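What follows is a single structure, written as structure tokens, with notes after it.
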Amino acid sequence: MDVLSDVIAVMRSGRPRSASVRWHAPWAQRFATVPGSAGFQVVLEGTCALRSPSAGDLELAAGDVVFLPHGTGHLLADCRASGDAYRETAVEDCAPTPSASPYVSDRVDPTGQGGPVTELLCGTYQLDPSRTHPLLHGLPDLIHLPAARPGRPPELAAAVELLAAELRRPGLGTDAAVPALLDALLLYILRIWFAEQAAQAGPGASGWAAALGDPVVTAALHAMHRSPGAPWTVERLAAEAGLSRAPFARRFAALVGRPPLAYLTWWRMTLAERLLRTTDAPLRTVAEQVGYGTEFAFSAAFKRVHGSAPGGYRRAVRRSGGQVVPAAAQADPRPLRPIPDHSGRPQADPRPIPG
């Protein structure tokens, strides 16, 4: 896998949730802060205003996409005035509504006052904080991708259209199609944002946006993510990147924030943790898959990173109810860990807006 695909696969736990909702003005809806989650809002029809502590007030139009990587609370309203009036009474929690499908909202037109319509696509991803990739730490609280921005790649709009169509007209396979489309939406959001940041970065820029825009560092990252169990050395990674050892090591550390082998060890331990959580593969097999020739060397490295031995970590997962999947059933050595769905879908507040 490439770096971004790996990050999406590893960071998410459980199935993403989404809903399509239609509101008639005047309306306002508060979305509470949800630690360990990432959310998004897409305007499908009409306009609205979004207020958040970090971004202030944003005017949103049809086709605009807003991504909240850290689950930051925010307020949506048909206009700023509705948001001001509703600030103290807007609902604080967003719970799923009863439906035949977990992805279809059956709450529409909550106020029923007949004003202009706004249709939104709202969703959330549940993240595992123990596996958060450093790539995500540097993301702002809110990413706004306006539909009117020149040069916005068409695949983002295509993913939104497909997702909206599936939610509006659910049918056979909807529960399989929607999570895949949500993953595609997340990937396109991050791809566009990192590409924009890399294009704007000046000489000497650092961080993951600069790293993913740097062909030398990207070549080494792809090599590590493609074959995490390979016997990598700084020299071999430098050869993959097309540089000599010392300049490569300096460039990688400056952009990524840690030396090449330190990042490789962290990534291997992240994959090992996932294997221990989700399979019953013997420790010897786990060690081999993440690049360790002996179980002893793997156990020592795992304990340095996680503070406990691999066997103790796996037993703790089992005691806490984490699901362990038989190794024979695993086609992919890095599967997603199934856990209960996150109840972060929006539910309309039926109370009228004061005034």
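Going by this note's numbering, the letters in the sequence shown line up with residues 40 to 394, in that order. Idealized CB from N, CA, C, for every residue including glycine. Every value quoted in this text rests on a predicted model; they were computed, and no experiment measured them.
Check your understanding: Grouping DSSP H, G and I as helix and E and B as strand, with all else coil, what is Asp45?
Key -> The residue given as residue 45 occupies position 6 in the sequence shown. Residue state, collapsed to three classes: helix.
Review point. Looking only at C-alpha atoms, which of Thr157, Val105, Leu310 and Ala262 sits nearest to His345?
Key: Taking the first residue of the sequence shown as 1, we reach residue 345 at position 306. The shortest C-alpha separation from His345 is found at Leu310.
Point to revise | DSSP-derived helix/strand/coil call for Ala64 | key: Here residue 64 is taken as the residue at index 25 of the sequence shown, counted from 1. The answer is coil: DSSP assigns Ala64 none of H, G, I, E or B.
Point to revise | Through-space distance from His172 to Met50, alpha-carbon basis | key: Taking the sequence shown and counting its residues from 1, the one referred to as residue 50 is at position 11. Taking the sequence shown and counting its residues from 1, the one referred to as residue 172 is at position 133. Roughly 7 Å between the two C-alpha positions.
Exercise for review: For His261, collect the residues of the same chain with a Cβ closer than 7 Å to its Cβ; drop the 5 residues on either side in sequence, then sort them by chain order.
Suggested key: Taking the first residue of the sequence shown as position 1, residue 261 is located at position 222. Around His261: Asp41 and Val42.
Review point. In terms of residue numbering, what span does the beta strand (DSSP E) encompassing Arg265 cover?
Key: Mapped onto the sequence shown, residue 265 falls at position 226. Premise fails: Arg265 lies in the alpha helix (DSSP H), Pro254 to Arg265, not in any beta strand (DSSP E).
Exercise for review: Determine, using beta carbons only, whether Phe337 and Val325 come nearer to each other than 9 Å.
Suggested key: By 1-based counting over the sequence shown, the position of residue 337 is 298. By 1-based counting over the sequence shown, the position of residue 325 is 286. In contact: Phe337 and Val325 (Cβ atoms closer than 9 Å).
Review point. If you draw a straight line from the C-alpha of His109 to the C-alpha of Leu175, how long is it?
Key: On the sequence shown, residue 109 is found 70 positions in, with the first residue counted as 1. On the sequence shown, residue 175 is found 136 positions in, with the first residue counted as 1. Looking at the two C-alpha atoms, the distance is approximately 9 Å.
Review point. With 16 other CB atoms within 10 Å as the buried threshold, where does Gly328 fall?
Key: Here residue 328 corresponds to residue number 289 of the sequence shown, with the count starting at 1. Going by the sequence as given, residue 328 is Gln instead of Gly. It counts as buried.
Review point. Do you know how far the Cα of His63 is from the Cα of Gly252?
Key: Counting from 1 along the sequence shown, the entry for residue 252 is found at position 213. Counting from 1 along the sequence shown, the entry for residue 63 is found at position 24. Cα to Cα, Gly252 sits roughly 43 Å from His63.
Practice item. Measure how close the beta-carbons of Cys87 and Leu115 come, nearest whole angstrom, since I'm counting them as under 8 Å. Key: One-based indexing of the sequence shown puts residue 87 at position 48. One-based indexing of the sequence shown puts residue 115 at position 76. Between Leu115 and Cys87 the Cβ distance is about 6 Å, and since that is below 8 Å, they are a contact.
Practice item. Check Ser76 in the structure and name its three-state DSSP category. Key: To locate residue 76, count along the sequence shown from 1; it is residue 37. DSSP places Ser76 in strand when its eight states are reduced to three.
Check your understanding: At what residues does the alpha helix (DSSP H) containing Asp214 begin and finish?
Key -> Along the sequence shown, read from residue 1 onward, the residue named residue 214 stands at position 175. Unbroken alpha helix (DSSP H) run through Asp214: Thr213 to Gln239.
Practice item. Would you mind sorting Gln165 into buried or exposed? The rule is 16 or more other CB atoms within 10 Å of its CB. Key: The residue you call residue 165 lines up with position 126 of the sequence shown. Its Cβ being crowded by 16 or more others within 10 Å, Gln165 is buried.
Review point. For the 8 Å Cβ check, are there 3 or more pairs between the stretch 178-189 and the stretch 217-232?
Key: yes
Exercise for review: Express the C-alpha separation of Pro286 and Asp214 in angstroms, rounding to a whole number.
Suggested key: Locating residue 214 in the sequence shown gives position 175, counting from the first residue. Locating residue 286 in the sequence shown gives position 247, counting from the first residue. Roughly 49 Å between the two C-alpha positions.
Check your understanding: Can you tell me the Cα-Cα spacing of Pro155 and Ala277, whole angstroms?
Key -> Taking the sequence shown and counting its residues from 1, the one referred to as residue 155 is at position 116. Taking the sequence shown and counting its residues from 1, the one referred to as residue 277 is at position 238. Approximately 58 Å between the Cα atoms of the pair.
Check your understanding: If you run the structure through DSSP and keep just helix, strand and coil, what is Leu115?
Key -> Translated into the one-based positions of the sequence shown, residue 115 becomes position 76. Of the three classes helix, strand and coil, the one that applies to Leu115 here is strand, per DSSP.
Check your understanding: Which residues does DSSP pair with Val105 in a beta bridge?
Key -> As a first step, residue 105 is located in the sequence shown; it is residue number 66 there, counting from the start. DSSP output for Val105 lists Gln80 and His183 as bridge partner(s).
Review point. So, does the CB of Leu43 fall closer than 9 Å to a CB anywhere in chain C?
Key: No chain C appears in the structure shown, which is made up of a single protein chain.
Exercise for review: Give me the Cα-Cα distance between Phe70 and Pro55, rounded to the nearest whole angstrom.
Suggested key: The count along the sequence shown starts at 1 and reaches residue 70 at position 31. The count along the sequence shown starts at 1 and reaches residue 55 at position 16. So the two alpha carbons sit approximately 16 Å from each other.
Practice item. Taking all protein chains shown into account, decide if Pro74 is buried (16 or more other Cβ within 10 angstroms of its Cβ) or exposed. Key: Taking the first residue of the sequence shown as position 1, residue 74 is located at position 35. Exposed, since its Cβ has fewer than 16 Cβ neighbours within 10 Å.
**Study point:** Assigned exposure category for Gln239 - 16 Cβ within 10 Å defines buried
**Key:** Looking up residue 239 in the sequence shown gives position 200. Flag for Gln239 reads exposed.
Point to revise | Coil, strand or helix - Ser59 by DSSP | key: Here residue 59 is taken as the residue at index 20 of the sequence shown, counted from 1. Note: Ser59 maps to strand in three-state DSSP.
Check your understanding: How long is the line joining the alpha carbons of Pro299 and Ser44, rounded to whole angstroms?
Key -> In the sequence shown, counting from the first residue as 1, residue 299 sits at position 260. In the sequence shown, counting from the first residue as 1, residue 44 sits at position 5. Cα to Cα, the separation comes out at about 20 Å.
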